[in-house]
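Sequential numbering from 529 applies to the sequence shown in the working numbering. Ideal Cβ placement from N, Cα and C applies to all residues, glycine included.
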Amino acid sequence: MSRILVTGATGRLGQLIVERLVAQNRPVRILTRRPETARNLFGTTVQIAAGEFADRYSLDAAIRGVGRLLLLSPISERLAADQIAVANAAEAAGVQRIVKISGSDWTIDPPGVSISGDAHAAVEQHLRRLPIDSISLRPNAWMQVSLANTIKHVLVGNPVTAANLDAGVGYIDARDITDVAVHLLLADRIADAATLNLTGPDVKTPRQIASLIATALGRRVAAIEKRPAIGPSDTDFEHRAVAQFATLIAAGRAAVTTDIVASILGRPPRSVEAFVSDYLAAEAALVG
Numbered sequence: 529m530s531r532i533l534v535t536g537a538t539g540r541l542g543q544l545i546v547e548r549l550v551a552q553n554r555p556v557r558i559l560t561r562r563p564e565t566a567r568n569l570f571g572t573t574v575q576i577a578a579g580e581f582a583d584r585y586s587l588d589a590a591i592r593g594v595g596r597l598l599l600l601s602p603i604s605e606r607l608a609a610d611q612i613a614v615a616n617a618a619e620a621a622g623v624q625r626i627v628k629i630s631g632s633d634w635t636i637d638p639p640g641v642s643i644s645g646d647a648h649a650a651v652e653q654h655l656r657r658l659p660i661d662s663i664s665l666r667p668n669a670w671m672q673v674s675l676a677n678t679i680k681h682v683l684v685g686n687p688v689t690a691a692n693l694d695a696g697v698g699y700i701d702a703r704d705i706t707d708v709a710v711h712l713l714l715a716d717r718i719a720d721a722a723t724l725n726l727t728g729p730d731v732k733t734p735r736q737i738a739s740l741i742a743t744a745l746g747r748r749v750a751a752i753e754k755r756p757a758i759g760p761s762d763t764d765f766e767h768r769a770v771a772q773f774a775t776l777i778a779a780g781r782a783a784v785t786t787d788i789v790a791s792i793l794g795r796p797p798r799s800v801e802a803f804v805s806d807y808l809a810a811e812a813a814l815v816g
């Protein structure tokens with residue numbers, strides 16, 4: 529197989545994807561603004577191309593000889609412009625397939641409810657216009673982000689807090705997002721669908737999360753309704769995007785499940801119960 533280029537490789541999900549590809553002996557190149565950080569993370573197991581999304585020269589150099597592209601970048605005001613620039617460079621270089629990590633389905637459809645979702649939608653629309661085999665993955669709320677943060681707060685004695693304790697979320701484990709992304713990067717053929725909505729196996733509310741953590745810890749865990757405070761810094765793009773996520777989740781928009789992970793991987797997605805157990809075991813091992 530020709531080389532695979534991964535953008536966003538030094539982030540939480542990007543690291544998992546690169547590690548999985550390397551473990552399968554796939555030739556990987558990463559495009560990064562932080563080559564020293566990347567070298568510390570991956571050593572000599574990958575090729576590192578230092579560059580910027582906005583720098584077409586570095587994009588062209590990074591994408592030369594690449595057959596498939598994992599398109600990922602953090603929430604930012606430049607997300608759409610940056611990812612479209614990468615996609616255009618990929619088209620010019622003859623890349624055969626793009627797998628994009630997109631926003632959650634409920635941030636994108638309907639439009640106009642999320643600045644982050646609208647940015648991802650613009651990239652998805654652009655990809656559909658290109659003569660490249662492409663697919664966009666729309667993961668629901670990640671366990672490794674919001675759910676891990678909830679457990680972390682409980683471990684230091686805080687309650688579970690949420691704007692709506694009865695608004696469920698179909699949490700998905702980042703390892704399942706990784707497995708689906710890697711499968712689609714390596715498969716001979718991919719699904720005909722332009723987008724795939726990835727979720728965990730069931731929906732859990734904050735009340736249920738508090739109960740699960742309490743059972744695992746063997747002590748009471750309180751659950752309190754509390755709307756997030758908005759400070760002066762919440763005017764920047766990322767903070768506004770995250771505040772919109774919280775509003776949509778509180779309205780029940782993330783309370784959805786699909787069977788897509790199971791249909792692609794041939795196994796069920798990881799459960800919230802398993803994630804809580806794994807997280808607490810890892811914390812106990814660190815303390816021990």
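Spatial neighbours of residue i in its chain, beta-carbon cut-off 6 Å, leaving aside the 5 residues before and after
i: GLU753; result: LEU693
i: SER799; result: PRO729
i: GLY645; result: GLY631, THR635 and ILE636
i: PRO555; result: ARG531
i: ARG735; result: LEU693 and ALA751
i: LEU509; result: As shown, the chain starts at 529 and ends at 816. That puts residue 509 outside it, with no answer to give.
Cβ-Cβ distance between residue i and residue j below 8 Å
i: VAL804; j: ILE603; result: no
i: THR821; j: GLY696; result: The structure shown does not extend to residue 821, since the chain is modelled only from 529 through 816, so no value can be given for it.
i: ASN668; j: THR727; result: yes
i: ILE626; j: LEU587; result: no
i: ARG531; j: ARG557; result: yes
i: VAL614; j: GLY595; result: no
i: GLU605; j: PHE765; result: yes
i: ALA782; j: LEU776; result: yes
i: PRO756; j: ALA810; result: no
i: ASP610; j: PHE570; result: no
i: ALA744; j: LEU793; result: no
i: ILE663; j: ALA722; result: yes
i: ASP661; j: ILE612; result: no
Burial state of residue i, where buried means 16 or more other Cβ atoms lie within 10 Å
i: THR763; result: exposed
i: VAL684; result: exposed
i: ARG666; result: buried
i: THR786; result: buried
i: ASN553; result: exposed
i: SER630; result: buried
i: VAL731; result: buried
i: LEU713; result: buried
i: GLY746; result: exposed
i: TYR585; result: exposed
i: ASP720; result: exposed
i: GLY542; result: buried
i: GLN653; result: exposed
i: LEU814; result: exposed
i: ALA647; result: buried
i: ALA618; result: buried
i: SER642; result: buried
i: THR573; result: exposed
i: ALA778; result: buried
i: ALA824; result: In this structure the chain extends from 529 to 816, so residue 824 is not present and cannot be described.
i: ALA537; result: buried
Min CB distance residue i to chain D below 8 Å
i: ILE558; result: Included in the structure is just one protein chain, with no chain D present.
Where residue i falls: helix, strand or coil (DSSP)
i: ILE718; result: coil
i: PRO563; result: helix
i: VAL627; result: strand
i: SER632; result: coil
i: ILE660; result: coil
i: LEU533; result: strand
i: ALA669; result: coil
i: VAL710; result: helix
i: ALA551; result: helix
i: THR723; result: strand
i: VAL688; result: strand
i: VAL682; result: helix
i: ARG557; result: strand
i: ILE603; result: coil
i: VAL641; result: coil
Own chain, CB closer than 7 Å to residue i, minus 5 neighbours either side, in chain order
i: ALA649; result: ILE636 and PRO639
i: LEU559; result: LEU533, THR535, ALA577, GLY579 and ALA590
i: LEU544; result: ALA702, ARG703 and THR706
i: VAL710; result: ILE545, ARG548 and LEU549
i: THR817; result: Past the edges of the chain, shown from 529 to 816, lies residue 817, and the structure says nothing about it.
i: VAL789; result: ASP704, VAL708, LEU726 and PRO797
Other residues of its chain near residue i: CB distance less than 8 Å, five sequence neighbours each side excluded
i: GLU801; result: LEU740
i: MET671; result: TYR699, ILE700, ASP701, ALA702, GLY728, ARG798, VAL800 and PHE803
i: LEU607; result: SER601, SER644, ALA647, HIS648 and VAL651
i: ARG592; result: ALA621
i: ARG561; result: ALA578, GLY579 and GLU580
Curious, which full-length alpha helix (DSSP H) runs of at least 4 residues does the segment 726-799 contain?
734-745, 765-778 and 788-793
What runs of the alpha helix (DSSP H), each 4 residues or longer, lie entirely inside the segment 566-601?
584-591
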